[in-house]
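Protein chains in written order, with the working numbering: chain F, 1 to 114; chain R, 1001 to 1116.
For glycine and all other residues, C-beta sits at the position ideal for the given N, C-alpha and C.
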Amino acid sequence: GESVGLHLPTLSVQEGDNSIINCAYSNSASDYFIWYKQESGKGPQFIIDIRSNMDKRQGQRVTVLLNKTVKHLSLQIAATQPGDSAVYFCAENSGNQAGTALIFGKGTTLSVSS
Amino acid sequence: EAEVAQSPRYKITEKSQAVAFWCDPISGHATLYWYRQILGQGPELLVQFQDESVVDDSQLPKDRFSAERLKGVDSTLKIQPAELGDSAMYLCASSDGTSGGVETQYFGPGTRLLVL
Chain F
1 GESVGLHLPT
11 LSVQEGDNSI
21 INCAYSNSAS
31 DYFIWYKQES
41 GKGPQFIIDI
51 RSNMDKRQGQ
61 RVTVLLNKTV
71 KHLSLQIAAT
81 QPGDSAVYFC
91 AENSGNQAGT
101 ALIFGKGTTL
111 SVSS
Chain R
1001 EAEVAQSPRY
1011 KITEKSQAVA
1021 FWCDPISGHA
1031 TLYWYRQILG
1041 QGPELLVQFQ
1051 DESVVDDSQL
1061 PKDRFSAERL
1071 KGVDSTLKIQ
1081 PAELGDSAMY
1091 LCASSDGTSG
1101 GVETQYFGPG
1111 TRLLVL
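In structure tokens, the structure reads:
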């Protein structure tokens, strides 16, 4: 079936560096994408989302880029901090019966060393 | 800040026993989701409610799993009987449910289930 995937299972960076986490999706009909951060033992925490009519959206220290031509999504974290260490998931709307449930990728584990 | 509440946070049970998980969504959120997350993987949808109605339970193993949201507010997910393969994190999420389209989903802390 169609699914969202991430290019790298792990990413290690130094504190203060910029981090880029990538995600490829396969459903060209998806019109909504979202990034979540999940710390150990906790539920996913919303970071930022983007709709398919945009190619870039910025938040506080985070930027999401959407390239619909190659079906690629990325999350950029500026000045990465130790508190950013977590698993990051991208997700897309699944087109289920209600059209709103999400399909998640496997996740990228970000490790930030100080 | 409003949050999705779940209980219990942890549950250990023996196979063939019954377990139940509870979720209280963000106040006013009409749409409620139950997801299951196996260790090392992303969450997968089990069931979706719009108010008190099920709008998608296609991935719910209905021979052993049931879910209800009787008054359109809080929800209960039940497993009977539990099997070893049910060990996972069970996550509840909610969204506003009024836009008619996709909306940001907010997750609770989850219930970690271990079946022995």
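For residue i, would you say it is in contact with chain R, using Cβ-to-Cβ distances shorter than 7 Å as the test?
i	result
F:Tyr9	For the sequence presented, residue 9 of chain F should be read as Pro rather than Tyr. Answer no: the Cβ-Cβ gap between F:Pro9 and chain R never drops below 7 Å.
F:Ser3	For F:Ser3, the predicted structure reports a pLDDT of 45, less than 50, and the residue's modelled location is therefore unreliable. The matter cannot be settled from this model.
F:Pro44	yes
F:Asp49	yes
F:Asn22	no
F:Lys106	yes
F:Thr115	This structure does not reach residue 115 of chain F, given that chain F is present from 1 up to 114, and the question cannot be answered.
Could you compute how far the alpha carbon of residue i sits from the alpha carbon of residue j?
i	j	result
R:Phe1065	R:Leu1116	18 Å
R:Glu1014	R:Phe1021	16 Å
R:Arg1069	R:Asp1051	8 Å
R:Val1073	R:Gln1080	23 Å
F:Ala101	R:Ala1082	25 Å
R:Ser1026	R:Gln1006	One point to set straight first is that residue 1026 of chain R is Ile, not Ser, in the sequence displayed. The alpha-carbon atoms of R:Ile1026 and R:Gln1006 are separated by roughly 11 Å.
R:Gly1110	F:Asn18	30 Å
F:Ala79	F:Phe46	19 Å
F:Asn22	R:Thr1104	20 Å
R:Tyr1033	R:Gly1085	21 Å
F:Thr108	F:Lys71	18 Å
If you measure from the beta carbon of residue i to each beta carbon in chain F, is any gap under 7 Å?
i	result
R:Gly1042	yes
R:Val1115	no
R:Pro1109	yes
R:Gln1048	yes
R:Val1054	no
R:Leu1032	no
R:Thr1076	no
R:Leu1045	yes
R:Thr1013	no
Mind reading off the beta-carbon distance from residue i to residue j? Whole number of angstroms is fine, and I expect it under 8 Å.
i	j	result
F:Glu39	F:Ser114	Actually they do not touch by this definition, with Cβ atoms about 17 Å apart.
F:Gly43	R:Phe1107	4 Å
F:Ile50	F:Leu66	5 Å
F:Ile77	F:Val62	6 Å
R:Val1004	R:Cys1023	7 Å
R:Thr1031	R:Gln1059	So it is not a contact: roughly 16 Å between Cβ atoms.
What do you get for residue i, buried or exposed, if any count of 16 or more other CB atoms within 10 angstroms of its CB means buried?
i	result
R:Gln1017	exposed
F:Thr69	exposed
R:Tyr1010	exposed
F:Leu8	exposed
R:Leu1113	buried
F:Gly59	exposed
F:Lys37	buried
F:Ala29	exposed
F:Ile103	buried
F:Ser12	exposed
Confirm the yes/no value for this check: CB of residue i, any heavy atom of the ligand ZN, distance under 6 Å.
i	result
F:Ser40	Looking at this structure, you won't find the ligand ZN or any other ligand, since it has none at all.
**Asked** If you pair each beta-carbon of the stretch 1087–1094 of chain R with each one of the stretch 1024–1040 of chain R, do three or more pairs fall below 8 Å?
**Response** Yes, the stretch 1087–1094 of chain R touches the stretch 1024–1040 of chain R.
**Prompt:** Would you call the stretch 77–92 of chain F and the stretch 24–33 of chain F in contact, with 3 or more CB pairs under 8 Å?
**Reply:** Yes: at least three Cβ pairs fall under 8 Å.
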